[in-house]
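Here the protein sequences line up with chains X and C, keeping their order.
First residue of the first sequence: 1, per this note's numbering; consecutive thereafter.
First residue of the second sequence: 1001, per this note's numbering; consecutive thereafter.
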Amino acid sequence: MAIIGLFFFLPVAAAFVLSLTDFDIYALADLGNLRFVGLRNYGELLANPLFWQAVANTLYFVVVGVPLSIAASLGAALLLESRLARFKGFFRTALFAPVVTTLVAVAVIWRYLLHARYGLINYGLSEIGVRPVDWLGDPHWAMPAIILFAVWKNFGYNMIIFVAGLQTIPEDLYEAARIDGASSLRRFWHVTLPGLAPVVLLVSLLTIAGYLQLFAEPYVMTQGGPAQSTVSVLYFMYEQGFKWWSLGTASAVAFLLFAMMLIVTVVQLAIARRRGVL
Amino acid sequence: MTARPSRRAALGQLAAGPLAACSRGGGDGTVLKFWAMGREGEVVQALMPAFERANPGVTVQVQQLPWSAAHAKLLTAFAGGSLPDVCQIGNTWLPEFVALRAVERLDSRVLASSVVTPSDAFGGIWRTNVVDGGLYGVPWYVDTRLLFYRRDLLARAGFGAPPTTWAQWLSAMQAVKRMVGRGAYAALLPLDEYEPLLTLALQQDAPLLRDGGGRGNFRSPGFKTALAFYAEIFARGLAPPAADADIGNLYDEFARGYFSFYVTGPWNLGEFKRRLPAPDQGAWMTAPMPGPNGPGAGLAGGASLVVFRRSPRKDAAWRLIEYLSTTEVQSRFWALTGDLPARKDAWSAPALVKDIHAAAFREQLERVKPTPQAPEWERIATEMQLVAAQMVAGRLTVDEAASEIDRRADRLLEKRRWMLARGRGTPA
């Protein structure tokens, strides 16, 4: 408990105090230049259009990315658990591999893949007659490109959880459904999904919490650009904190992000409870 | 400076450079830590063996930082007490590091030096290194923005020489625009770069900040004149309301005549030579910035070398700065990187004299002005450009934009005013 206090509560409390000050480079030079400003950092953030753009970008990433990611994980898990699948061990490892790769290294590779003129993705698109897309240079395409990359990088993790979930659904339920003449689609809808409901809830909670903390992908691939279209809340915090050294503002961003995540999680749990999953 | 090695010896060392770098750190001599950014950090390693031979017992450890992360890394290193001895620093960052009291004053060392001579530096560039009356950096290489233009298109539009005044520039742009028609433009002033507008603003007499750097001075008639001229270029359809990234491949577009004037910096000398198709190589030229009435001022940019205050090896650090400031090393550094020399006499190197595209930079550098020396300046300039982009998009008038920039600047300068009032800041 003391260790948790030292390494968790103390830093959090310190960060909260920091968010009530105007810690900046002047304070870095001399602590005598530090002022307590109360909730002013929070007020200024809520009036800052770039902060709201960062919130909007992050929500875009979550709203599109999380369902895509869960669908990809579930699809891959179903394929792996299908009776027709062969070399299951190999595919399970191969699909899980992106999760354990170093994000920065694969982000650099994806930057090559996404390159407007020489990238493999545009080459493939040109083969089927699609005009080249300036993935990371066009404000409209930069976020979809990042979503694509993030989904590819992360779906393996949830896939493993789904595989475990699928194995807990008793085989006789499927058999009974088959005897009743249910099609494979209906079996998925009425047997697999209800059986997986708690797993889906867990996975979506974890994925949303993770995706709200989008940072490394834009940091490595776009530096928040073009036209600030990939500035996420965390990237905004990083810029405030380490580019401009406004640590007071950066701490306030962290607490606002925490509040956002708390609200989203509480809402999710409430919905789950009403649906009877919990 | 001590005797310099012969050219052949220097070349031999150049080849041995990477190997020597691996074996450094041994012995009980002085190890000098030197941080340099981007391409400079890569290339400067080749210059170190000659310095080490001239200074027995001193080895230099060059660490290369990427430009995009350099500023944050330096601040973090300051907070963590792990700054190097010598460092390359963007000269607009200097006020910030002076405010942090991180950099050593160099006045007395320069006074005593026979190598670093203010008289051989460009005045405007030198002044960027003087903060609150103290000298904190020595110019390493210089940078400014000016016109890259299509000589052939300008001639076809009836202009044999590049414009030197705003009025000439405007009529040249209008003539080019009439000639190229709807699908193309006369100029490219990327909306995501503050340098073009800032250059126009520096050409006015009015300072950009007032009250000792405690408030914005963007509602001054001078700044409004510059802002109105900038707005007019877009309002008349002479420049596309686009960011750099929207242009796609701007070298192709320049070759195609999509725009004929481009306000940009010296790194594009090399890029234009490399990237423009061979038939177009004779068609482009550079010219100093036109001003309100005759050749105008430019932006004093570039990088300086500083010694950090906490360094225990300041004498050796200063010797390295002197070495990098010698005429010969400055010329070699230009040959290796294309970075323009900070020393005027390095400009008389035959290869540089022969470079017809560099000549305009030489002329412009005599007329460069520093930006205001407030640590917040970079953020203010960023905000200025965001507001200017809104003005170009038609959401603000010139007067409204000027007031909005002032409002944002005053907000960013709030802490500075408080500092100045308590006598803690350094007035800009």
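Positions of the beta carbon are idealized from the N, C-alpha and C atoms, including for glycine.
Spatial neighbours of residue i within its chain, please: CB distance less than 8 angstroms, with the 5 preceding and 5 following residues excluded, ordered by chain position.
i: Ser1023(C); result: Because Ser1023(C) carries a pLDDT of 42, less than 50, the predicted location of this residue cannot be relied on, and the following value inherits that uncertainty. Excluding residues within five positions, none has a Cβ falling inside 8 angstroms.
i: Gly1026(C); result: The predicted position of Gly1026(C) is uncertain, since its pLDDT is 43 and thus under 50; a value taken from the coordinates is nonetheless stated next. Result list for Gly1026(C): empty, nothing under 8 angstroms.
i: Ala177(X); result: Arg186, Arg187, His190, Val191
i: Glu1104(C); result: Tyr1136, Val1306, Val1307, Phe1308, Arg1309, Ser1311, Lys1314
i: Tyr60(X); result: Met143
So that I know if they touch, is there some Cβ in chain C lying closer than 8 angstroms to that of residue i?
i: Glu154(X); result: Residue identity differs from the one stated: residue 154(X) is Asn in this sequence, not Glu. No, Asn154(X) lies away from the interface with chain C (no Cβ there is under 8 angstroms from its Cβ).
i: Leu103(X); result: no
i: Gln285(X); result: One cannot answer for residue 285(X) here, as it falls past the ends of chain X, which runs 1 to 278.
i: Ala85(X); result: no
i: Phe242(X); result: yes
i: Asp180(X); result: no
For residue i, I'd like the list of residues in its chain whose CB is within less than 6 angstroms of its CB, leaving aside the five on either flank, ordered along the chain.
i: Asp1339(C); result: Tyr1141
i: Gly1450(C); result: An answer regarding residue 1450(C) cannot be provided, because it is not within the stretch 1001 to 1428 covered by chain C.
i: Asn122(X); result: Pro132
i: Asp1280(C); result: Ala1255
What are the boundary residues of the beta strand (DSSP E) that includes residue i?
i: Ser1304(C); result: 1301 to 1307
i: Thr1059(C); result: 1058 to 1065
i: Thr1286(C); result: 1284 to 1287
i: Lys1033(C); result: 1030 to 1037
i: Gln1088(C); result: 1086 to 1090
i: Val1138(C); result: 1138 to 1143
i: Leu1147(C); result: 1146 to 1150
i: Phe1261(C); result: 1261 to 1264
Can you find the residues in the same chain that come closer than 7 angstroms, C-beta to C-beta, to residue i, ignoring five residues on each side of it along the sequence?
i: Thr1077(C); result: Checking the sequence shown, residue 1077(C) turns out to be Ala, not Thr. Here the set comprises Leu1083.
i: Gln240(X); result: Ser246, Thr249, Ala250, Val253
i: Trp1347(C); result: Pro1341, Arg1362
i: Gly38(X); result: Leu20
i: Ala1021(C); result: Model confidence at Ala1021(C) stands at a pLDDT of 42, short of 50, so the residue's coordinates are unreliable; what they give is reported in the following sentence. Cβ neighbours of Ala1021(C) beyond the five flanking positions: Gln1045.
i: Ile160(X); result: Phe96
i: Lys1073(C); result: Leu1065
i: Leu214(X); result: Thr58, Phe61, Ser232, Leu234
At least one CB of chain X closer than 8 angstroms to the CB of residue i: is that the case?
i: Met1384(C); result: no
i: His1071(C); result: yes
i: Ala1243(C); result: yes
i: Ser1311(C); result: no
i: Lys1224(C); result: no
i: Gly1025(C); result: With a pLDDT of only 42 at Gly1025(C), under 50, the local geometry of the prediction cannot be trusted, and the value read off the model is given with reservation. Answer no: the Cβ-Cβ gap between Gly1025(C) and chain X never drops below 8 angstroms.
i: Leu1189(C); result: no
What does residue i touch in chain C if you count any residue whose Cβ is under 8 angstroms from its own?
i: Leu28(X); result: Leu1075, Phe1078, Ala1079, Leu1100
So residue i contacts chain X; which residues on that side make the cut at Cβ distance below 8 angstroms?
i: Met1419(C); result: Tyr26, Asn33
I want to verify the contact list: residues of chain X whose CB lies under 7 angstroms from the CB of residue i, in sequence order.
i: Glu1096(C); result: Ile25
i: Lys1415(C); result: Asp22, Asp24, Tyr26
So which residues of chain C does residue i contact, with C-beta pairs closer than 7 angstroms?
i: Trp245(X); result: Leu1075
Provide the residue span of the alpha helix (DSSP H) that contains residue i, from first to last.
i: Thr1128(C); result: 1123 to 1128
i: Thr1371(C); result: Thr1371(C) -> no alpha helix (DSSP H), and no H or E assigned at all.
i: Ile1247(C); result: Where Ile1247(C) is concerned, there is no enclosing alpha helix (DSSP H), given that its DSSP letter is neither H nor E.
i: Trp244(X); result: No alpha helix (DSSP H) holds Trp244(X); DSSP gives it neither H nor E.
i: Gln1364(C); result: 1359 to 1365
i: Lys1344(C); result: Unbroken run through Lys1344(C): none, as it is neither H nor E.
i: Phe1333(C); result: 1327 to 1337
i: Glu1271(C); result: 1267 to 1275
i: Lys1(X); result: The identity of residue 1(X) in the sequence shown is Met, whereas the question assumes Lys. Per DSSP, Met1(X) belongs to no alpha helix (DSSP H) and is neither H nor E.
i: Val108(X); result: 103 to 113
*Check each residue of the stretch 1051 to 1068 of chain C: if its Cβ is closer than 8 angstroms to any Cβ of chain B, include it; give the result in chain order.*
The chain inventory of the structure shown lacks chain B, comprising the protein chains X and C.
*Could you please tell me which residues of the stretch 1367 to 1393 of chain C, in chain order, have their CB closer than 7 angstroms to any CB of chain X?*
Pro1375, Arg1379
*Check distances from the C-beta atoms of the stretch 204 to 235 of chain X to those of chain C and list, in chain order, the residues that come in under 8 angstroms.*
Gln223, Gly225, Pro226, Ala227
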